[in-house]
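Enquirer:
Chains as they are written, first to last, in the numbering used here: chain A, 7 to 310; chain B, 35 to 341.
So, in structure tokens, the structure goes:
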């Protein structure tokens, strides 16, 4: 008979080999780029070598934070995310509470229809929205002209875009997040509602005293996870939906778009690598911070 | 028992009138929102069936006055690109999902094994990738300068194969397999690979199916990586083709004109063909995703609640 030790050793080795492909992939595509965190401190361009280029200290950061871009991209990234969290949560929780009042069949139909935007990529959605917003032929302008108003050059006017962006983000995600909260509601013990109704509670009272408290942990968790990602923007939403219109940058450019443009358009990655560094570090701090809060609220749901 | 039933009934009865109006209101809200979800897509279909001359005169409309197939004719006449892109997208999706599931399932299985010496280390190794990343510029330099993956489909497939979130979900699914089963298989002399293939995979089938769906959606809709790394239109997936069509209204027209030299550019149905290509590219997958929608939610609910 083999010794126990031998079997254990073989187990460890075999399992190591099984995990190897995934480990290697993470090593290459997730860990190797982490070394690149030194890039903003060096004089690196896309063409030259990271290691042999010379150190330039905080020059990139000084340039970045003395440019107006730093403020705009930070404001847009964080500001929109905060609005998405507040309005998105409000809309999907209300939708879930309303769905809960309806019969199974209607729930199924509404859910399916609300899911449609979710399954399309931002590119498809942006092309679809161009059917509405196109300056010459778009439906919105056709309507405006029909009723005697002047048509609007949507892709040139920054005033409208905060609304368009918030609306579209909520519209695209509503089906999904509503269903999450709805699933949470379905999980509530129905005896609670029955008991409340026997005691003569009104619908609003039941919502305030039973449904919302039951959803509270879920709302808190999802909100905290979103806060952890507040330094990252949904690239497709901010890049494709406004058709990458430069005239709208003031209200549509986020950190991710700033960094992307430095690679694809200007080719000067000095300042943008500083922006990327700032994003990564702030993102890390926020994840650690929100996890710390989650642990205080409910240790079961904390990431670590 | 009977008493409570009666009581409930009377209450239901008393509530009946306000209840039905509020229900009506709720239906109204959802009907309006459903329209918001559907109408933009109907407009696209309508544009795709309109003639350009009509659009130039009246703008886009909800229902085409005259059915016109020129937009479709054009994108199928220049058959090369759209079929090519379909092929590329299908290849990326199937190939990517298959490899991804293998990698995620194996590492999920390994870190779910309490008797594995490095289970904890590997879990932390996976987990750290969820906390911190190097950012776009280091990744771009790695992909283009070190791995030389520009204009290769590997640039689209490889980075999306493994991510911490799905590994941890998978680990949760694998944990549901009883330890005793694995142990008895080991006593019978089964290798780890055999255990994985013949015990774990069948037991974790539901979990693997859920994650496969996420992967299919991810690969099918992926446009960021192609945008970064792929310029050669021969290997452009559908999403990149759509991006070209969107960012350059003349893209289809000019490629078509170079294909049919005897055609005047102004006769080419630029506007309707743009939307026809959206319909052809995006529509076929929608019923599939809608059919499986409940699995998408199951996955996320499990993910957000951690089992």
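Using N, Cα and C, we set each Cβ at its ideal position, and we do this for glycine too.
Remember, it's a predicted structure, so these values are computed and weren't measured experimentally.
Is the separation between the beta-carbon of residue 211 of chain B and that of residue 235 of chain B shorter than 8 angstroms?
Expert: Contact flag unset, no.
Enquirer: Expressed to the nearest angstrom, what Euclidean distance is found between the alpha-carbon atoms of residue 201 of chain B and residue 250 of chain A?
Expert: The alpha-carbon atoms of residue 201 of chain B and residue 250 of chain A are separated by roughly 35 angstroms.
Enquirer: May I ask which residues mark the beginning and end of the alpha helix (DSSP H) holding residue 129 of chain A?
Expert: In this chain, the alpha helix (DSSP H) harbouring residue 129 of chain A covers 128 to 139.
Enquirer: Does the distance from the CB of residue 90 of chain A to the CB of residue 25 of chain A come in under 8 angstroms?
Expert: no
Enquirer: Does any C-beta atom of chain A lie closer than 8 angstroms to the C-beta of residue 199 of chain B?
Expert: no
Enquirer: Since residue 87 of chain A meets chain E, which of its residues come closer than 9 angstroms, beta carbon to beta carbon?
Expert: Among the protein chains in the structure shown, which are A and B, there is no chain E.
Enquirer: Taking the DSSP output, what are the residues bridged to residue 111 of chain A?
Expert: Beta-bridge pairing links residue 111 of chain A to no other residue.
Enquirer: If you reduce the DSSP assignment to three classes, tell me which class residue 60 of chain A lands in.
Expert: coil
Enquirer: DSSP three-state label for residue 48 of chain A, please.
Expert: strand
Enquirer: Starting from the N-terminal side, write out each stretch of the beta strand (DSSP E) that is 3 residues or longer and does not extend beyond the region 174 to 217 of chain B.
Expert: none
Enquirer: For a contact defined as C-beta to C-beta under 9 angstroms, what are the partners of residue 130 of chain B on chain A?
Expert: Within 9 angstroms Cβ-Cβ: nothing; residue 130 of chain B doesn't reach chain A, min ~12 angstroms.
Enquirer: Which of helix, strand or coil does DSSP assign to residue 92 of chain B?
Expert: helix
Enquirer: Give the interface partners of residue 159 of chain A over in chain B, defined as CB-CB distance under 9 angstroms, in chain order.
Expert: Proximity of chain B to residue 159 of chain A at the Cβ level (cut-off 9 angstroms) is not reached, the minimal Cβ distance being about 14 angstroms.
Enquirer: With C-beta atoms as the reference, is residue 299 of chain A less than 8 angstroms away from residue 230 of chain A?
Expert: yes
Enquirer: Do you know offhand how far residue 40 of chain B's Cα is from residue 312 of chain B's?
Expert: Because the pLDDT of residue 40 of chain B is 43, which lies under 50, any placement of that residue in the model is unreliable, and the number read from its coordinates should be weighed accordingly. So the alpha carbons of these two residues sit roughly 57 angstroms apart.
Enquirer: Helix, strand or coil: how does DSSP classify residue 254 of chain B here?
Expert: helix
Enquirer: From which residue to which residue does the alpha helix (DSSP H) around residue 298 of chain A run?
Expert: Run containing residue 298 of chain A: 276 to 303, per the alpha helix (DSSP H) assignment.
Enquirer: Any idea if residue 144 of chain A is buried or exposed, counting beta-carbon neighbours within 10 angstroms, 16 or more meaning buried?
Expert: buried
Enquirer: Taking contact to mean at least 3 C-beta pairs separated by less than 8 angstroms, is the region 29 to 43 of chain A in contact with the region 241 to 258 of chain B?
Expert: no
Enquirer: Which whole-angstrom value describes the C-beta separation of residue 238 of chain A and residue 262 of chain A, a residue pair presumed to lie in contact below a C-beta threshold of 8 angstroms?
Expert: At roughly 7 angstroms, the Cβ-Cβ gap stays under 8 angstroms, so residue 238 of chain A and residue 262 of chain A are in contact.
Enquirer: Figure out for me which residue from B:226, B:187, B:153 has the closest Cα to the Cα of residue 205 of chain B.
Expert: Just measuring C-alpha positions, the residue of B:226, B:187, B:153 sitting nearest residue 205 of chain B is B:153.
Enquirer: Can you pull out the residues from the region 278 to 290 of chain A whose beta carbon lies closer than 8 angstroms to at least one beta carbon of chain B?
Expert: 278, 279, 282, 283, 285, 286, 289, 290
Enquirer: By the 9 angstroms beta-carbon criterion, what residues does the region 159 to 190 of chain B contribute toward chain A?
Expert: From the region 159 to 190 of chain B, only 159, 160, 161, 162, 163, 164, 165, 166, 167, 168, 169, 170, 171, 172, 173, 174, 175, 176, 177, 178, 179, 180, 181 have a Cβ closer than 9 angstroms to chain A.
Enquirer: For a contact defined as C-beta to C-beta under 8 angstroms, what are the partners of residue 107 of chain A on chain B?
Expert: 56, 57, 60
Enquirer: One question on the structure: do residue 71 of chain B and residue 104 of chain A come within less than 8 angstroms of each other, judged by their Cβ atoms?
Expert: no
Enquirer: Helix, strand or coil for residue 148 of chain B per DSSP?
Expert: In this structure, residue 148 of chain B counts as coil in the three-state DSSP scheme.
Enquirer: In whole angstroms, what separates the C-alpha of residue 284 of chain B from that of residue 77 of chain B?
Expert: 21 angstroms
Enquirer: Can you tell me the Cα-Cα spacing of residue 271 of chain A and residue 252 of chain A, whole angstroms?
Expert: 12 angstroms
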